[in-house]
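Working notes, structure below.
Residue numbers (my numbering), protein chains in the order written: chain V, 43 to 246; chain H, 31 to 264.
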């Protein structure tokens, strides 16, 4: 089984990768990606089924937060049932589920982040006041000061010169370094899978 | 405000906004109810979207059409996804979960290939080209930037990219205390890189904080508007 899974992963990866470089391999790449989309969709459903079983177990074992698990399962089954019967693009589902529950909760959680981030920044300065933390907080304060709109317009010098210079030159330099680093890391991870060094699907 | 779907949507939005913002007074059962219900509803909705947008048009509908028309040659392309579908369903049973590895291997292989192509064409090459292009005199002239400015700012940008990459030096060994042990020049570059990373994270923090603050103001505005329209004050 270990050899078979490694052969499948390496062969599928190489065939899809060839499609990016040779036009002749594009048809095979499209078919394989189509299959991957179907299987990823099925894996998503299995993941959601696992969520139900985990919470059903909590209810069965009468755990402390079992009532919340029951609420989760009721919400999940209800949304899935109406989603299957009415289809996700129905105006009723869009209004009730998306605009009534999902978007308000996401926006409110984003709003809560304003408080959490402020608290985290204060804690950072209290617990670890090293060079990195000081640069981090000073930069954030500078960007805030430069962005704030005062009755007489932008803050002189900070808003017109320093903030754009810091955010468009200094920060872009660091961000590009981080992005290229992330890209190189992703590239190495992908290559390790294709060479069979890493086998996250099982087997050493 | 007439009793309509809009009223139901607004009332639900109001209720869930209040439940979530109740976290400001501390973790409480109302917040937990809203979060658990949100996770349940979002998961159920996702499952319905996956069924209607992926499985139905790509697997179930073509299979039904092939069975109806008897064109089994076209069905050959559906054998692998059906097998993968069956194998991955085995994950539900702990005894048969090993068979699901075949499908997982397929997904990991496809994911690795897409990741390699995405990292190269979507991140590494465009970011390198953008850094090089900063020094292009013709592009700078088109943007009305002087040569002195290009050289000064371009140098800062290039130093930022190189030193940040040096900070994430993948080949660094570990000292007994757990800190990375690097070659001295790399160590100096990574020290400069820390300054750039601090500045970058500070700018990102300010951006995220501004977005979060906007979301908070929008939610409070929504609560006030809903209440005033419900009470007929607007």
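The beta carbon of each residue, even a glycine, is placed where N, CA and C say it ideally should be.
| Query | Result |
| --- | --- |
| Bridge-paired residues (DSSP) for residue 66(V) | Paired residues: none, contrary to the question. |
| Opposing strand residues paired with residue 194(H) [DSSP bridges] | Its beta-bridge partners do not exist; DSSP assigns none. |
| Within chain H, the residues that residue 76(V) reaches when beta carbons sit closer than 9 Å | 88, 107 and 111 |
| For residue 115(V) and residue 31(H), the rounded distance between their alpha carbons | Only weak support exists for where residue 31(H) lies, its pLDDT of 48 falling under 50; the coordinates are left without a value. |
| Same chain, Cβ closer than 6 Å to residue 185(H), five either side skipped, listed in chain order | none |
| Pick from 73(V), 127(V) and 97(V) that is closest to residue 75(H), judged by C-alpha positions | 127(V) |
| Endpoints, alpha helix (DSSP H) assigned at residue 131(H) | 130-148 |
| Stretch pair the stretch 221-230 of chain V + the stretch 229-244 of chain H: three plus CB contacts closer than 8 Å | no |
| Short-range partners of chain V found in the stretch 109-135 of chain H, where Cβ spacing is below 8 Å | 110, 111, 114, 115, 118, 119, 121, 122, 128, 131, 132, 133, 134 and 135 |
| Buried versus exposed, by CB contacts within 10 Å (16 or more), residue 133(H) | buried |
| Contact under 8 Å by Cβ, residue 229(H) with residue 181(V) | yes |
| Cβ-based burial, residue 241(V) [other Cβ within 10 Å; buried from 16] | buried |
| Residue 44(H) versus residue 215(V) - alpha carbon distance | 43 Å |
| Stretch pair the stretch 53-71 of chain V + the stretch 140-159 of chain H: three plus CB contacts closer than 8 Å | yes |
| Straight-line gap, residue 134(V) to residue 71(H) (C-alpha atoms, nearest Å) | 14 Å |
| Helix, strand or coil at residue 51(H) [DSSP, three-state] | helix |
| Any 3 or more C-beta pairs closer than 8 Å across the stretch 236-251 of chain H and the stretch 145-157 of chain V | yes |
| 7 Å Cβ cut-off: residues of chain V touching residue 64(H) | 147 |
| Contact residues within the stretch 194-206 of chain V, judged by C-beta distance below 8 Å to chain H | none |
| Within chain B, partners of residue 208(V) - CB distance below 8 Å | Of the protein chains in this structure, namely V and H, none is chain B. |
| Assigned exposure category for residue 259(H) - 16 Cβ within 10 Å defines buried | exposed |
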